[in-house]
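I have placed the structure first, in the form of structure tokens, so that the comments after it can refer back to it.
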Amino acid sequence: DIALESPHVLKRIEFIQLLTNKTGQKFTKINILQAIQAFDLPLLEQVTKSCQVADYEHEELLYAAIKSKQYEMVACLLNNLQKIEVNGSGYDNTPLFTACEIGIVPIACMLLSFKNLEVNQVVKNNKYENATALWVAAAKGHFKIVLSLLERRRGTIIIDMPAGDKDNSELTTAEEIAKKHNHQNIASALEQYRGEIEDQFMRHGMEGGNIGADFTSDRKLLFKFNSNEAVIPSETTSNESRNTNKMQQE
């Protein structure tokens, strides 16, 4: 692959290889950020394979790659920096939330492929209050991401967690915020999902014993049954399949 790159990229990679072989130099967070900001995947591959980065710096690098909107760069970090925490380390943001807020479908799907990803994490910062990845995707009108969240976390995702942002002091559900912003396709998808889950709860709730549902007084479903069904979106990319051998998959 490197041979197909432009000459200046090839020379830079050869220089990096020579430098690391002779001096044993380890690259730092700054070098990785430079490669991300330059949208230079071959350079990022080389730097991340010979770097010395503190554990707490891994998350900052992952956010930078997600914000670059480059699927391959996010995959590179997840593959080469083994200590990256896909759930994030605090309440002010999460990698999945960032991808859903920006609206990058392949990156959101890649993060959802990690079995240990907590899809219902809430974000609390100076912009959002108790917002989940589903809520922000619904608010921003990212229809394909909403579908991916519902399909890949069917039976475990919370669809009616009240949340708000600096422009909406009143707490709303994902469906309500979608309607407020005239994202009717998202509101309809959430309504349909709720109906399907409620129907399965009514039909199977007393049979298998695998239901964990909590209806509020106004019949909004908070927790759904624990189903093994997983509908994988057909929009998964060739890049995603190429990296599955290195990542924890569902």
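First residue of the sequence shown? That's 201 in the numbering used here, and the numbers climb one at a time after it. From the three backbone atoms N, C-alpha and C, an ideal C-beta is built for every residue, glycine too. Fair warning: this is a prediction, and the values are worked out from it, not measured in the lab.
Environment of residue i [buried if 16+ CB atoms lie within 10 Å]
| i | result |
| --- | --- |
| Glu407 | Note that Glu407 has pLDDT 48, beneath the 50 cutoff, so the model's placement of it is unreliable and no number is given. |
| Glu259 | buried |
| Arg353 | buried |
| Tyr328 | buried |
| Ser289 | exposed |
| Asn382 | exposed |
| Gln282 | exposed |
DSSP state of residue i mapped onto helix, strand, coil
| i | result |
| --- | --- |
| Gly355 | coil |
| Asn164 | In the structure displayed, the chain extends from 201 to 450; residue 164 sits before or after that span and is not available. |
| Phe239 | coil |
| Ser348 | helix |
| Glu370 | strand |
| Phe314 | coil |
| Gly395 | helix |
| His342 | coil |
| Glu257 | helix |
| Gln282 | coil |
| Thr169 | Any answer about residue 169 is impossible in this case: the structure gives the chain only from 201 up to 450. |
| Ser268 | coil |
| Ile232 | helix |
| Ile304 | coil |
| Asn385 | helix |
| Val274 | helix |
| Val319 | coil |
Member of the options whose CA lies at the smallest distance from the CA of residue i
| i | options | result |
| --- | --- | --- |
| Ser369 | Ile232, Ala331, Arg394, Met402 | Ala331 |
| Gln384 | Gly364, Gln237, Lys340 | Lys340 |
| Ala308 | Glu257, Leu262, Tyr291 | Leu262 |
| Ser268 | Phe239, Gln392, Gln400, Asp255 | Phe239 |
| Leu334 | Leu312, Ser250, Cys251, Leu278 | Leu312 |
| Glu272 | Ile284, Val286, Pro295, Met310 | Met310 |
| Ala337 | Ile386, Leu241, Phe227, Cys300 | Cys300 |
| Leu278 | Leu349, Lys380, Lys249 | Lys249 |
| Asn280 | Gln252, Met402, Leu350 | Gln252 |
| Lys315 | Gly395, Asn287, Ile377, Ala378 | Asn287 |
| Ala265 | Asn326, Tyr291, Ile304 | Ile304 |
According to DSSP, residues forming a beta bridge with residue i
| i | result |
| --- | --- |
| Gly364 | Glu329 |
| Cys251 | Phe227 |
Nearest-angstrom Cα separation, counted from residue j out to residue i
| i | j | result |
| --- | --- | --- |
| Thr372 | Thr298 | 20 Å |
| Thr243 | Ile397 | According to the sequence provided, residue 243 is Leu. The question's Thr does not apply to it. Rounded to whole angstroms, Leu243 to Ile397 spans 47 Å at the Cα level. |
| Ile358 | Ala275 | 27 Å |
| Met361 | Glu391 | 14 Å |
| Val323 | Asn293 | 5 Å |
| Ile345 | Ala254 | 32 Å |
| Ile236 | Ile230 | 10 Å |
| Thr356 | Val319 | 8 Å |
| Leu347 | Tyr393 | 10 Å |
| Gln400 | Ala389 | 17 Å |
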